[in-house]
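Residue numbers (my numbering): 32 to 467.
Below is one structure, written out as structure tokens, with a few remarks after it.
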Amino acid sequence: MNLSDNKATMSFSNGSPSIDLPVYAGSVGPDVIDIRKLYGQTGMFTYDPGFLSTAACQSAITYIDGDKGELRYRGYPIEQLATQCDYLDVCHLLLNGELPNTQEKKDFDLLVTSHTMVNEQMQFFLRGFRRDAHPMAVLTGLVGGMSAFYHDSTDITNPEHRHIAAIRLIAKMPTLVAMAYKYKTGQPYIYPKNSLSYSGNFLHMMFATPCEEYKVNPVLERALDRIFILHADHEQNASTSTVRLCGSSGTNPFAAIAAGVACLWGPAHGGANEACLNMLEDIQRKGGLSKVGEFMEQVKDKNSGVRLMGFGHRVYKNYDPRAKLMQETCKEVLAELGLENDPLFKLAMAVEKIALEDDYFVQRKLYPNVDFYSGIVQRAVGIPVNLFTGVFALARTSGWIAQLNEMIGDPEYKIGRPRQLFTGDTLRDVVPQAKR
Ligand code: ACO
Numbered sequence: 032m033n034l035s036d037n038k039a040t041m042s043f044s045n046g047s048p049s050i051d052l053p054v055y056a057g058s059v060g061p062d063v064i065d066i067r068k069l070y071g072q073t074g075m076f077t078y079d080p081g082f083l084s085t086a087a088c089q090s091a092i093t094y095i096d097g098d099k100g101e102l103r104y105r106g107y108p109i110e111q112l113a114t115q116c117d118y119l120d121v122c123h124l125l126l127n128g129e130l131p132n133t134q135e136k137k138d139f140d141l142l143v144t145s146h147t148m149v150n151e152q153m154q155f156f157l158r159g160f161r162r163d164a165h166p167m168a169v170l171t172g173l174v175g176g177m178s179a180f181y182h183d184s185t186d187i188t189n190p191e192h193r194h195i196a197a198i199r200l201i202a203k204m205p206t207l208v209a210m211a212y213k214y215k216t217g218q219p220y221i222y223p224k225n226s227l228s229y230s231g232n233f234l235h236m237m238f239a240t241p242c243e244e245y246k247v248n249p250v251l252e253r254a255l256d257r258i259f260i261l262h263a264d265h266e267q268n269a270s271t272s273t274v275r276l277c278g279s280s281g282t283n284p285f286a287a288i289a290a291g292v293a294c295l296w297g298p299a300h301g302g303a304n305e306a307c308l309n310m311l312e313d314i315q316r317k318g319g320l321s322k323v324g325e326f327m328e329q330v331k332d333k334n335s336g337v338r339l340m341g342f343g344h345r346v347y348k349n350y351d352p353r354a355k356l357m358q359e360t361c362k363e364v365l366a367e368l369g370l371e372n373d374p375l376f377k378l379a380m381a382v383e384k385i386a387l388e389d390d391y392f393v394q395r396k397l398y399p400n401v402d403f404y405s406g407i408v409q410r411a412v413g414i415p416v417n418l419f420t421g422v423f424a425l426a427r428t429s430g431w432i433a434q435l436n437e438m439i440g441d442p443e444y445k446i447g448r449p450r451q452l453f454t455g456d457t458l459r460d461v462v463p464q465a466k467r
């Protein structure tokens, strides 16, 4: 973080003296005004609900240019990572700052692979849930529960613990997501098979049964790997900020990541892929392509409360670069499975076309986000709709843990403690109950 020559001066209309605030420049992207001393100097806080203009930390992991529609992990464009690397390369990059060389890749893949099993006791913990529970409810519990199983990696102040917790989380998330699925369907759990790739192993744990051999389809394996890469990190979004805030108290990494899983569940965030697919299925049920126009009118009517799920983004005011890559993958998967005429895909393309040409969306700079096509891909692969966000959580775990470890390693790190503008009652006395 470099101090810029530029300085901000804040003046007040009530005659209080103006103050100078330092400005810092990042390596790329907007500068920031350092307001840390503002309260001490003026007795005032800043007000920014939803963090529309607030940088809560410095980070060297992910950069987004929302106006241009660019996303980079550690400087590398997402398009290059998605087409030239696999998910474990990206995990190595997010955690360690660099893509692995050949030996590092071998070592890292082996390290992750050797941690894919979960404590056998986890299945009894899982058994406590109703079988019809939402997988995100189950996952929040299972991930939080990991802190009860892996005591030797819960000290967040110990870099060794942080490293091993990161590896454990990345390695075990696919196992947990697949176990949650198997539990729901009533099929036996399938143990990880370490000869398979990360995404191949996930497909195997999800769809193999003990009765017959399961062969991983390389097109689906690659598609899933791409979903993982595209969802791996996205700078200071709601769930990542949740992980940072939760972890800032010094709690253990499993608890902090469980908080991230819980946050991701919401339909305005990771739950959007599920909500988007439900929306497309709903239009389909009501008449499909012929009903798209009517649906879009509802979306534009502020009183309807209907949003076009999979559209719009707090940061992207251009096409989400992940959505483009996802659309490509979607075409590949549907072709591989002979589903080129999939009605939901056609519907999605029609909705996208109308939205991109409609004034309502153009004026508000609403473009498809990554969730718009990822649901169709996952559904084609055979992943049930209510597990979509679980798959997102699996992928985002690498980003969450990289961000958490970056925060703990930052010398400026402090417990997160936002302030407020109090608008409630001023001081008053309790009236005895008989007189209320
Ligand atoms: N459909 C219809 N109108 C929309 C949509 C949408 N999907 N998104 C935003 N708008 C409109 C709003 O009504 C508002 O209009 P107004 O200015 O006339 O009042 C304007 O666009 C700005 O919207 P905000 O809600 O203020 O934007 P914000 O940055 O707070 O929200 C969000 C971003 C939550 C993603 C929003 O676009 C949304 O709800 N999208 C649908 C859900 C979704 O797809 N979420 C996934 C996000 S990506 C991810 O988490 C992986």
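We put the CB at the ideal spot given by N, CA and C, even for glycine.
Every value quoted in this text rests on a predicted model; they were computed, and no experiment measured them.
*asked:* I'd like the ranges of any beta strand (DSSP E) spanning at least 3 consecutive residues and lying wholly in the region 245 to 329.
replied: none
*How big is the Cα-Cα spacing for Val121 and Ile92?*
11 Å
*Can you give me the Cβ contacts of Tyr347 inside the same chain, cut-off strictly under 7 Å, excluding the 5 residues immediately before and after it?*
Gly97, Gly100, Tyr398 and Asn400
*Evaluate contact between the region 262 to 280 and the region 420 to 439, counting only Cβ atoms and requiring at least three cross-stretch pairs below 8 Å.*
The region 262 to 280 is in contact with the region 420 to 439.
*Less than 8 Å between the CB atoms is what I'm expecting for Phe376 and Cys361, so what's the real figure, rounded?*
6 Å
*Contact between the region 443 to 455 and the region 282 to 292 (3+ Cβ pairs under 8 Å)*: No, they do not touch.
*Measuring alpha carbon to alpha carbon, tell me which of Ala411, Leu255 and Thr185 ends up nearest Thr282.*
Thr185
*So is Thr454 buried or exposed if we call it buried at 16+ other beta carbons inside 10 Å?*
exposed
*Specify whether the region 405 to 424 and the region 303 to 323 touch according to this definition: at least 3 beta carbon pairs, one from each stretch, less than 8 Å apart.*
A contact is defined here as three or more CB-CB pairs under 8 Å, and the region 405 to 424 meets this definition with respect to the region 303 to 323.
*Got a sec? Which residues, its chain only, sit under 8 Å from Thr420 by beta carbon, not counting five neighbours each side?*
Pro166, Met167, Leu295, Trp296, Gly301, Gly302, Asn304 and Glu305
*Is DSSP giving Val54 helix, strand or coil here?*
Strand at Val54.
*At what residues does the beta strand (DSSP E) containing Asp79 begin and finish?*
Per DSSP, Asp79 belongs to no beta strand (DSSP E) and is neither H nor E.
*Quick one: give me the first and last residue of the beta strand (DSSP E) that Ile95 is part of.*
Thr93 to Asp96
*Report, in whole angstroms, the separation of the C-beta atoms of Val368 and Ala411, which I expect to be a contact under 8 Å.*
A quick correction: the sequence has Leu, not Val, at residue 368. Leu368 to Ala411, Cβ: 6 Å. Contact.
_Let me confirm a value: Leu83 is counted as buried when at least 16 other C-beta atoms fall within 10 Å, else exposed. Which label applies?_
exposed
*Terminal residues of the continuous alpha helix (DSSP H) containing Asp390?*
Run containing Asp390: Asp390 to Gln394, per the alpha helix (DSSP H) assignment.
*Hey, quick one: how far does the beta strand (DSSP E) through Asp163 stretch, first residue to last?*
It is not in any beta strand (DSSP E) - Asp163 carries neither H nor E in the DSSP assignment.
*asked:* Taking 7 Å as the cut-off, is the C-beta of Asp402 nearer than that to any heavy atom in the ligand ACO?
replied: yes
*For Ala196 versus Phe285, is the C-beta spacing smaller than 8 Å?*
yes
*Where DSSP assigns a beta bridge to Pro48, which residues make up the other side?*
In DSSP, Pro48 forms no bridge with anything.
*Is it the case that the Cβ atoms of Ser321 and Gln329 are separated by a distance below 8 Å?*
no
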